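Take the position in the sequence shown, starting the count at 1, then add 4; the result is the number in the numbering used here.
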Amino acid sequence: MAEFDPQKKYQEQQEIFFDDGRERELLQFIHNKPDVEDMRNSPHKVLAAIDQFARTQKYLMNVGEDKGRIVTDLIAEVKPQVMVELGGYVGYSCILFGDALRKAGGKRYFSLERNPEFVNVISSLVDLAGLSDIVKVIEGSSDASIKELHATGALQHIDLMFLDHYKPAYTTDLKLCEELNLITPGSVLAADNVIKPGNPPYLEYVRSSVEEKKQATQNAQTVNGVDTRFADRTVKQYLRREGEAKLDETRVGNPLLIYESKLVHSFEPSGVPDAVEITKCVGVAEEG
Ligand SMILES: C[S@@+](CC[C@H](N)C(=O)[O-])C[C@H]1O[C@@H](n2cnc3c(N)ncnc32)[C@H](O)[C@@H]1O
């Protein structure tokens, strides 16, 4: 694993680190830059401007350059036609991966984000980066958006999914996608933040055998559908705006799907060690 370059370190995260007006400040920062017109149709330059804000002004909860490279390498290898990201924030991952998807010959990148103010920021920066033809930003809770995209036929299969939203929802949303047959052999998952802050229920699920998954659905310890192994801080991350989380604990997914999963170590843009879990669906077990 390459070393973290301290010169690229984002500002300190601090107690309040998002949804305090900094996302609007980012847009102003970019649009006030004298070279903003040079950024038009240049995903690379828009990403550099977002990084510059987060390094010199205020921390942003982006995937960042180091973990981002794990996913862009994966996109080049898998060559997905359709990619879905859960959690768009200000559009950093969406611009980085949407550009990589286009270069790999892909057709559609859905970015699912429920905060309307963040949706505005993503849309504005995606437009500036010249990616509006390939990236569709969908406003709403990820589970509702997945159901809606599936029901309208806009989303029929997920080739690659980037999970980076409410940590306890990684597993419930994956199970929803499995139940809708959006995940099949050949589908690949890239899950961020599996070390910081961590996601034991998700890692357990994607690393389990078919038999273990069948058993686990009967044993899970949850409150409002949220696994009790999550830290309080993680459970309550979006409490102020969204109220108490309630996840659908009835979801069983499709335990017959066979996954191969591995951890790829890297760093948060703050320099803190983290990792991305890369999971490939490699088959379907026989019923019984
Ligand atoms: C860590 S940030 C995403 C960062 C982004 N992927 C990047 O690397 O540039 C998480 C985002 O997920 C959004 N989010 C959290 N729970 C969500 C849900 N259930 N549905 C849709 N968006 C959600 C939050 O509003 C926040 O913008």
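Positions of the beta carbon are idealized from the N, C-alpha and C atoms, including for glycine. All values reported here derive from a predicted model rather than from experimental measurement.
Item to check | Top-ranked residue by Cα proximity to N124, from G110, L184, G134 and G95 | outcome: Here the question's residue 124 lines up with position 120 in the sequence shown. Closest option to N124, Cα to Cα, is G95.
Checklist entry - Starting from G72 and walking both ways along the alpha helix (DSSP H), at which residues does that stretch end? => result For the purposes of this step, residue 72 is identified with residue 68 of the sequence shown, where counting begins at 1. Run containing G72: G68 to V82, per the alpha helix (DSSP H) assignment.
Next on the checklist: Going by DSSP in three states, S274 sits in which element: helix, strand or coil?
Outcome noted: On the sequence shown, residue 274 is found 270 positions in, with the first residue counted as 1. In the structure shown, S274 sits in coil (DSSP, three-state: anything other than H, G, I, E or B).
Next on the checklist: For a quick check, are the C-beta atoms of L116 and S146 less than 7 angstroms apart?
Outcome noted: For the purposes of this step, residue 116 is taken as the residue at position 112 of the sequence shown. For the purposes of this step, residue 146 is taken as the residue at position 142 of the sequence shown. Contact: yes.
Item to check | Bridge partners - C285, DSSP secondary structure assignment | outcome: Indexing the sequence shown from 1 puts residue 285 at position 281. Per DSSP, Y263.
Checklist entry - Just checking my contact of L51 with L30 at CB under 8 angstroms: how many whole Å lie between their CB atoms? => result As a working note, residue 51 is residue 47 in the sequence shown. As a working note, residue 30 is residue 26 in the sequence shown. That pair is no contact at about 12 angstroms.
Item to check | Between the CA atoms of G68 and Q18 - distance to the nearest angstrom | outcome: Within the sequence shown, the letter at position 14 stands for residue 18. Within the sequence shown, the letter at position 64 stands for residue 68. Distance between the alpha carbons of Q18 and G68: 17 angstroms.
Item to check | C-alpha distance - L167 paired with S265, whole-angstrom precision | outcome: Numbered from its first residue, the sequence shown carries residue 167 at position 163. Numbered from its first residue, the sequence shown carries residue 265 at position 261. Cα to Cα, L167 sits roughly 14 angstroms from S265.
Next on the checklist: Less than 7 angstroms between the beta carbons of L261 and V227, yes or no?
Outcome noted: Within the sequence shown, residue 261 is the residue found at index 257, counting from 1. Within the sequence shown, residue 227 is the residue found at index 223, counting from 1. Taking 7 angstroms as the Cβ cut-off, L261 and V227 do not qualify as a contacting pair.
Item to check | Of the listed residues C285, F21 and H48, nearest to F182 (C-alpha basis) | outcome: The residue given as residue 182 occupies position 178 in the sequence shown. Contrary to the premise, residue 182 reads as Glu rather than Phe in this sequence. Answer by Cα proximity: C285.
Item to check | Own chain partners of C2 with C-beta closer than 7 angstroms, once the 5 adjacent residues on each side are dropped | outcome: The structure shown does not extend to residue 2, since the chain is modelled only from 5 to 292, so the question has no answer here.
Checklist entry - Of the residues P273, E290 and G292, which one's Cα is nearest the Cα of E16? => result As a position in the sequence shown, residue 16 is number 12, starting the count at 1. Of the candidates P273, E290 and G292, the one whose C-alpha sits nearest the C-alpha of E16 is P273.
Checklist entry - Whose C-beta lies closer than 6 angstroms to the C-beta of P84 among residues of the same chain, with five residues either side of it excluded? => result Translated into positions along the sequence shown, residue 84 becomes position 80. Within the same chain, P84 has close Cβ partners G110, D163 and L164.
Next on the checklist: Between the alpha carbons of R44 and Q56, how many angstroms are there, rounded?
Outcome noted: As a first step, residue 44 must be located in the sequence shown, where it is residue number 40. As a first step, residue 56 must be located in the sequence shown, where it is residue number 52. Roughly 17 angstroms separates the two Cα atoms.
Checklist entry - Is the CB-CB distance between V280 and K107 below 7 angstroms? => result Position 276 of the sequence shown, counted from the start, is the residue given in the question as residue 280. Position 103 of the sequence shown, counted from the start, is the residue given in the question as residue 107. Not a contact, by the Cβ cut-off of 7 angstroms.
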